[in-house]
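**Q**
Protein chains: 2
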Amino acid sequence: MSAAPFSRRERQIMDVLFRLGKATAAQVRAAIPDPPSYSAVRAHLRTLEDKGHVRHKAEELRYVYMPAQNPEKARRGALRHLVDTFFPGSPATAVAALLSAHSSELSGRDLDELQTLIDQAREEGR
Amino acid sequence: MSAAPFSRRERQIMDVLFRLGKATAAQVRAAIPDPPSYSAVRAHLRTLEDKGHVRHKAEELRYVYMPAQNPEKARRGALRHLVDTFFPGSPATAVAALLSAHSSELSGRDLDELQTLIDQAREEGR
DNA sequence: CCAGCCGTGCTAGATTTATAGCATTAGGAT
DNA sequence: ATCCTAATGCTATAAATCTAGCACGGCTGG
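Top line first, the protein sequences correspond to chains A and B. Numbering-wise, the first sequence is residues 1 to 126 according to the working numbering. Numbering-wise, the second sequence is residues 1001 to 1126 according to the working numbering.
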């Protein structure tokens, strides 16, 4: 369990990897707002790999790094953590906040799908 | 901008404060899974206060700490960060994931409110 | 009164994180 | 073949985090 927490830089790097899916050391560095040296990024990637949070493949003479954990699982964990700390006990508020923050970016099709989910929830809750 | 990053412990402590709203040093310590010494928690709270992330009130002879930032703003920031890193470019997926993860905990009234939000989004998107 | 119990402030030290620089290897071009 | 570029592995050191312990002050009960 223990959810091995990350240091500041490690957290930044893991976030980049989750966002990009996979990336070289240089790409990771480029995606960090206040980037440290290339060397430092590589060192962090190595230690993250040692700890089992990241893995790499050799690709075109380069190393391409990616999160070791199943992305879906990581997403669920992040969601749960966020709901627990910022919307404790009221997931509905979380959904509402998320929805209203992005309402203008949602397509009609998106809204249809959400509609379906809500209808399903009503079915279950009956 | 720069989103002043926290160290591992600082992050843990801030999360507890957001979850509880306000808490004494002892309560913060109790809420941390693998707690450091009471002294260490106090030291962290002090440095967090120096940096302006936390403030305290004297209450019943004790210090009660709370986040300095507007909780609503912090929530919005956390949501945006999560969507950006785990659901880049597809907020709809994020909403869907959140919704299906908690569908069983939502009351009929909750669902009504979400319904309203979706309807509003349709209006706007027209 | 005064001893014991909280609570705080502070400082010094251990531990972890973060960084840079150097050595080495592989490929591609001249 | 040899040089140049671009990548990796490693190690030493700088910087920040994390921690514990001690000193002090105020309340409270005997």
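Every residue, glycine too, gets a C-beta built ideally from N, C-alpha and C. Predicted model only: the values in this text are computed from it and were never measured.
Where do the ends of the alpha helix (DSSP H) carrying histidine 1044/B lie?
**A** 1038-1050
**Q** Looking at chain A, which residues of the segment 1095-1120 of chain B have a Cβ within less than 8 Å of any of its Cβ atoms?
**A** Val1095, Ala1096, Ala1097, Leu1098, Leu1099, Ser1100, Ala1101, His1102, Ser1103, Ser1104, Glu1105, Leu1106, Ser1107, Gly1108, Asp1110, Leu1111, Glu1113, Leu1114, Gln1115, Leu1117, Ile1118, Gln1120
**Q** In terms of alpha-carbon separation, which member of Ala1092/B, Arg1011/B, Leu1111/B, Leu1098/B lies closest to aspartate 112/A?
**A** When C-alpha distances from aspartate 112/A are compared across Ala1092/B, Arg1011/B, Leu1111/B, Leu1098/B, the shortest belongs to Ala1092/B.
**Q** Flag serine 1002/B as yes if its beta-carbon sits less than 8 Å from any beta-carbon of chain A, otherwise no.
**A** At serine 1002/B the pLDDT is 46, less than 50, meaning the model places this residue with poor confidence; the figure from the coordinates comes in the next sentence. Yes, serine 1002/B lies at the interface with chain A (some Cβ there is under 8 Å from its Cβ).
**Q** Tell me whether aspartate 1110/B is buried or exposed, calling it buried when 16 or more other Cβ atoms sit within 10 Å of its Cβ.
**A** buried
**Q** Go to alanine 1078/B, then tell me how far its alpha helix (DSSP H) extends in each direction, as first and last residue.
**A** 1071-1086
**Q** Mapping DSSP to helix, strand and coil, what is arginine 1009/B?
**A** Residue state, collapsed to three classes: helix.
**Q** Please report the residue range of the alpha helix (DSSP H) in which glutamate 1113/B lies.
**A** 1108-1124
**Q** What does a CB cutoff of less than 8 Å around methionine 1/A pick up in its chain, not counting 5 residues either side in sequence?
**A** Low confidence applies here, because methionine 1/A scores a pLDDT of 45, under 50, leaving its location unreliable; read the following figure in that light. No residues qualify anywhere along the chain.
**Q** If we define contact as Cβ-Cβ less than 8 Å, is leucine 1045/B a contact residue for chain A?
**A** Not a single CB atom of chain A sits nearer than 8 Å to the CB of leucine 1045/B.
**Q** Helix, strand or coil for glutamate 1059/B, going by three-state DSSP, please let me know.
**A** strand
**Q** Which term fits serine 104/A, buried or exposed, when burial requires 16 or more other beta carbons within 10 angstroms of its beta carbon?
**A** Burial check for serine 104/A: the Cβ neighbour count within 10 Å stays below 16, so the residue is exposed.
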